[in-house]
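To start, the structure itself, in structure tokens.
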Amino acid sequence: MKNALENVPLQIMPTYKLTYFDGRGLAEPARMLFHLGGVPFEDSRIPVDMKTGLIMNPELADVKKKAPFGKYPVLKIDDIEIAQSAAINRYLARQFGFAGKNPIEEAQADSYIDQCQEYNTSFRACMYATLQGKPEEEVQKIREEVYIPAQNKFYEIFSDILNRNKSGFLVGDSLTWADLVIADHLYSLDTMGMLTHEDAWRCETLKKFQEKIYEHPLLKGYIASRPKGAF
Numbered sequence: 001m002k003n004a005l006e007n008v009p010l011q012i013m014p015t016y017k018l019t020y021f022d023g024r025g026l027a028e029p030a031r032m033l034f035h036l037g038g039v040p041f042e043d044s045r046i047p048v049d050m051k052t053g054l055i056m057n058p059e060l061a062d063v064k065k066k067a068p069f070g071k072y073p074v075l076k077i078d079d080i081e082i083a084q085s086a087a088i089n090r091y092l093a094r095q096f097g098f099a100g101k102n103p104i105e106e107a108q109a110d111s112y113i114d115q116c117q118e119y120n121t122s123f124r125a126c127m128y129a130t131l132q133g134k135p136e137e138e139v140q141k142i143r144e145e146v147y148i149p150a151q152n153k154f155y156e157i158f159s160d161i162l163n164r165n166k167s168g169f170l171v172g173d174s175l176t177w178a179d180l181v182i183a184d185h186l187y188s189l190d191t192m193g194m195l196t197h198e199d200a201w202r203c204e205t206l207k208k209f210q211e212k213i214y215e216h217p218l219l220k221g222y223i224a225s226r227p228k229g230a231f
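Counting along the sequence shown from 1, when you hit position 19 you're at 19 in the UniProt record's numbering, and nothing is skipped either side.
Shown next, in the form of structure tokens:
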């Protein structure tokens, strides 16, 4: 695949600054897209306590007030700021050639991301309850009534998509940003020992998919050297 910088005059190349907390989280697919595209960017990381969600540097305590919509990640392209992870990822995917080969593939990738975001609401409810030290009984209730049903649906949907598509990718026969988002979340689940399902083949399918994406020649070095962590 061609480098995204090819045939772009140096004087019109924008400068990129990606700001997020010091973890993979919602910014990791964007970081991966920069490495896939071979495009330099400033990876600005804000120290944060994963248990409380509080920014660790007092001087940066009001940093979220400065962000569009009060949220991160934020991608600064020259002097323009783009917020919301899906918008950032979609923009970079289109710029670097990972949005899909045609409008139908682009729509498929978008639909998979939308489905993943629905699931993530349940995942975050369980994750934050655990990280914030909620009573075990409360965490277990959220896990059993909210998260597990959503998790099983997530596994079933995406293992079925991969089983039908046969290429090893979610969309068509090549890598898209949907692969990056889903693979990174699967990595988090596997790291936490949560990649389980009563149908073992589903987890095996998803694990093989995640490993395939992480073994991409343009990603492998970055993944090996990036900061370690569950999120």
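Using N, Cα and C, we set each Cβ at its ideal position, and we do this for glycine too.
Which one of P227, S174, E106 and F123 has the shortest CA to CA distance from E145?
For the purposes of this step, residue 145 is taken as the residue at position 145 of the sequence shown. Measuring C-alpha to C-alpha distances from E145 to each of P227, S174, E106 and F123 identifies F123 as the nearest.
With C-beta atoms as the reference, is S85 less than 8 Å away from P73?
Within the sequence shown, numbered from 1, the residue matching residue 85 stands at position 85. Within the sequence shown, numbered from 1, the residue matching residue 73 stands at position 73. Yes. Within cutoff.
Can the beta-carbon of D79 be found closer than 8 Å to that of I46?
Here residue 79 refers to the residue found at position 79 of the sequence shown. Here residue 46 refers to the residue found at position 46 of the sequence shown. Not closer than 8 Å, so no.
Would you mind working out which of F69, P68 and N89 sits nearest G37, comparing C-alpha positions?
Taking the sequence shown and counting its residues from 1, the one referred to as residue 37 is at position 37. When C-alpha distances from G37 are compared across F69, P68 and N89, the shortest belongs to N89.
Going by the beta-carbon positions, is the gap between K76 and K166 smaller than 8 Å?
To locate residue 76, count along the sequence shown from 1; it is residue 76. To locate residue 166, count along the sequence shown from 1; it is residue 166. Cβ distance not < 8 Å, so K76 and K166 don't count as in contact.
Can you give me the start and stop residues for the alpha helix (DSSP H) that L92 sits inside?
The residue labelled residue 92 in the question sits at position 92 within the sequence shown. Unbroken alpha helix (DSSP H) run through L92: S85 to F96.
Anticipated Cβ contact below 8 Å, L180 with L26, distance rounded:
Position 180 of the sequence shown, counting from 1, holds the residue named residue 180. Position 26 of the sequence shown, counting from 1, holds the residue named residue 26. Not quite, the Cβ-Cβ distance comes to about 12 Å (not below 8 Å), so this is no contact.
Is the separation between the beta-carbon of L175 and that of F209 shorter than 8 Å?
By one-based count along the sequence shown, residue 175 stands at place 175. By one-based count along the sequence shown, residue 209 stands at place 209. No, the pair does not count as a contact, with Cβ atoms beyond the cut-off.
Please report the straight-line C-alpha distance between C116 and P14, rounded to a whole angstrom.
Your numbering for residue 116 matches position 116 in the sequence shown. Your numbering for residue 14 matches position 14 in the sequence shown. If you take the alpha carbons of C116 and P14, they lie about 30 Å apart.
Over the uninterrupted alpha helix (DSSP H) stretch that includes R164, give me the two end residues.
Along the sequence shown, read from residue 1 onward, the residue named residue 164 stands at position 164. Here the alpha helix (DSSP H) through R164 covers I148 to N165.
If you drop the 5 nearest sequence neighbours on each side, which residues of the same chain put their C-beta closer than 7 Å to that of E138?
The residue you call residue 138 lines up with position 138 of the sequence shown. Residues A129 of the same chain have their beta carbon placed closer than 7 Å to that of E138, with the five preceding and five following residues left out of the count.
How would you call Q140, buried or exposed, if buried means at least 16 neighbouring beta carbons within 10 angstroms?
In the sequence shown, the residue the question calls residue 140 occupies position 140. Burial call: exposed.
Go ahead and label F158 buried or exposed: buried means 16 or more other beta carbons lie within 10 angstroms of its beta carbon, across all protein chains shown.
As a first step, residue 158 is located in the sequence shown; it is residue number 158 there, counting from the start. Buried, since its Cβ has 16 or more Cβ neighbours within 10 Å.
Could you give the DSSP three-state label for L123: helix, strand or coil?
As a working note, residue 123 is residue 123 in the sequence shown. Reading the sequence as shown, one finds Phe at residue 123 and not Leu. Residue state, collapsed to three classes: helix.
Which stretch, first to last residue, makes up the beta strand (DSSP E) that contains I46?
As a working note, residue 46 is residue 46 in the sequence shown. Looking at the DSSP string, the run of the beta strand (DSSP E) that includes I46 is E42 to I46.
Own chain residues within Cβ distance below 6 Å of L189, not counting five before or after
Numbered from 1 along the sequence shown, position 189 holds the residue referred to as residue 189. Here the set comprises L195.
Can you name, in chain order, every residue of its own chain whose Cβ lies under 8 Å from the Cβ of R202, other than the five neighbours on each side?
For the purposes of this step, residue 202 is taken as the residue at position 202 of the sequence shown. Excluding positions up to five away in sequence, the list reads Y155, E156 and S159.
Inter-residue Cα distance where the pair is I82 and I213:
Within the sequence shown, numbered from 1, the residue matching residue 82 stands at position 82. Within the sequence shown, numbered from 1, the residue matching residue 213 stands at position 213. Approximately 26 Å between the Cα atoms of the pair.
Check L195 in the structure and name its three-state DSSP category.
In the sequence shown, the residue the question calls residue 195 occupies position 195. In this structure, L195 counts as coil in the three-state DSSP scheme.
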